[in-house]
Amino acid sequence: MSENRKVLSGKIVVASHNAGKVTEINELVAAFGIETISAADLNLPEPEEAGDTFIANAELKALAAAQAAGLPALADDSGLAVDALGGAPGIHSARWAEGDIEKGETPGRDFERAMRKVEEALTRIPDAPRTAHFVCALTLAWPDGHCESFEGKVYGELVWPPRGDLGFGYDPVFQPDGLAKTFGEIQPEMKHAMSHRAAAFQKLVTACLKD
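Residue 119 in the numbering used here sits at position 80 of the sequence shown, with consecutive numbering throughout.
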């Protein structure tokens, strides 16, 4: 089995246009002396997320950014999987936040709308369990097409109404196991220590950021 490819210095592209994700990833890599620039800062287009798994979508985004920028790129694909909904919204988590113009919804991404859609779907299922987990796939890609991918998960349950404004996405309705607060109510450094993104990042650190 070949060794993982390393990134020990220099600059990488954070292949995301989601400001919350970019901030979280920047904070995670800061300790390793690696400079970051986001895909949005470089005006890189957002590729269509056509994969059928989190890792497939992360690889697609990382490769597109790496090849466009000529630099290693780190991409995240993550989402909320609700047990009672068969794992939905899953890889379509961001799409659940998009407005359906045909239904009279305002266009654009609105996670308050997405959280409400999840809650409404659960209320239609008698005695539905509220267990769920977040999944994060991280891919580090190089301009030559090489990829290293890692996946992390965190388990918990959904609350309603949403609580807290410190996170992003579905954070205000997700209460991780062993904690009495949602991801929207805890400080970023606490979330970094236990989140799905942190779990995936620790695997990436061991494989690609440590000599």
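Heads up, the beta-carbon is just placed ideally off N, CA and C, and yes, glycines get one too.
Predicted, not measured: the structure shown is a model, and the values here were computed from it.
(message) Tell me the residue span of the alpha helix (DSSP H) that contains residue 215.
(response) Walking along the sequence shown from the start, residue 215 turns up at place 176. Not the alpha helix (DSSP H): residue 215 falls in the beta strand (DSSP E), residues 213-215.
(request) Kindly identify the DSSP beta-bridge partner or partners of residue 116. (result) Taking the sequence shown and counting its residues from 1, the one referred to as residue 116 is at position 77. Paired residue(s): 176.
(message) Whole angstroms are fine: how far does the CA of residue 167 sit from the CA of residue 185?
(response) Taking the first residue of the sequence shown as 1, we reach residue 185 at position 146. Taking the first residue of the sequence shown as 1, we reach residue 167 at position 128. Roughly 42 Å between the two C-alpha positions.
(message) In this structure, how does DSSP classify residue 248 when only helix, strand and coil are distinguished?
(response) To locate residue 248, count along the sequence shown from 1; it is residue 209. Helix.
(request) Evaluate residue 221 with the Cβ neighbour count: other Cβ atoms within 10 Å of its Cβ, from every protein chain shown; 16 or more gives buried, anything less gives exposed. (result) Here residue 221 is taken as the residue at index 182 of the sequence shown, counted from 1. The residue in question, residue 221, is buried, as its Cβ has 16 or more Cβ neighbours within 10 Å.
(request) Please classify residue 54: does DSSP put it in a helix, a strand, or coil? (result) Your numbering for residue 54 matches position 15 in the sequence shown. Three-state DSSP puts residue 54 in coil, outside helix and strand.
(request) Return helix, strand or coil for residue 168, following the three-state DSSP convention. (result) Position 129 of the sequence shown, counted from the first residue, corresponds to residue 168. Of the three classes helix, strand and coil, the one that applies to residue 168 here is coil, per DSSP.
(request) Measure from the alpha carbon of residue 179 to the alpha carbon of each residue in 83, 94 and 87, then state which is nearest. (result) Stepping through the sequence shown from its first residue, residue 179 is reached at position 140. Minimum Cα distance to residue 179 is reached at 94.
(request) For residue 198, collect the residues of the same chain with a Cβ closer than 7 Å to its Cβ; drop the 5 residues on either side in sequence, then sort them by chain order. (result) For this step, residue 198 is matched to residue 159 along the sequence shown. These residues qualify, in order along the chain: 212, 214 and 221.
(request) Return helix, strand or coil for residue 197, following the three-state DSSP convention. (result) Taking the sequence shown and counting its residues from 1, the one referred to as residue 197 is at position 158. Of the three classes helix, strand and coil, the one that applies to residue 197 here is strand, per DSSP.
(request) Taking only runs that begin and end inside the region 76-163, name each unbroken alpha helix (DSSP H) of 4 or more residues, in chain order. (result) 93-108 and 150-162
(message) Let's see if you can read the secondary structure: which residues bound the alpha helix (DSSP H) around residue 229?
(response) Here residue 229 refers to the residue found at position 190 of the sequence shown. Looking at the DSSP string, the run of the alpha helix (DSSP H) that includes residue 229 is 227-231.
(message) What does DSSP give as the partner residue(s) for residue 187 in the beta ladder?
(response) Sequence index remark: in the sequence shown, residue 187 carries index 148 (1-based). In the DSSP output, where bridge partners are listed per residue, residue 187 has 179.
(message) Looking only at its chain, what residues have a beta carbon closer than 6 Å to the beta carbon of residue 207, apart from the 5 residues adjacent to it on each side?
(response) Here residue 207 corresponds to residue number 168 of the sequence shown, with the count starting at 1. Excluding residues within five positions, the ones whose Cβ falls inside 6 Å are 59.
(message) Spatial neighbours of residue 103 within its chain, please: C-beta separation below 6 Å, excluding the five flanking residues on both sides.
(response) As a first step, residue 103 must be located in the sequence shown, where it is residue number 64. Cβ neighbours of residue 103 beyond the five flanking positions: 86.
(request) Rounded to whole angstroms, what's the CA-CA distance from residue 97 to residue 146? Just pull it up for me. (result) For the purposes of this step, residue 97 is taken as residue 58 along the sequence shown, with counting starting at 1. For the purposes of this step, residue 146 is taken as residue 107 along the sequence shown, with counting starting at 1. About 25 Å.
(message) I want to see whether chain C comes within less than 7 Å of residue 63, judged by CB atoms only; does it?
(response) Protein chains in the displayed structure number just one, and chain C is not present.
(request) Verify whether the separation of the beta carbon atoms of residue 237 and residue 177 is less than 7 Å. (result) Walking along the sequence shown from the start, residue 237 turns up at place 198. Walking along the sequence shown from the start, residue 177 turns up at place 138. No, the Cβ-Cβ distance between residue 237 and residue 177 is not below 7 Å.
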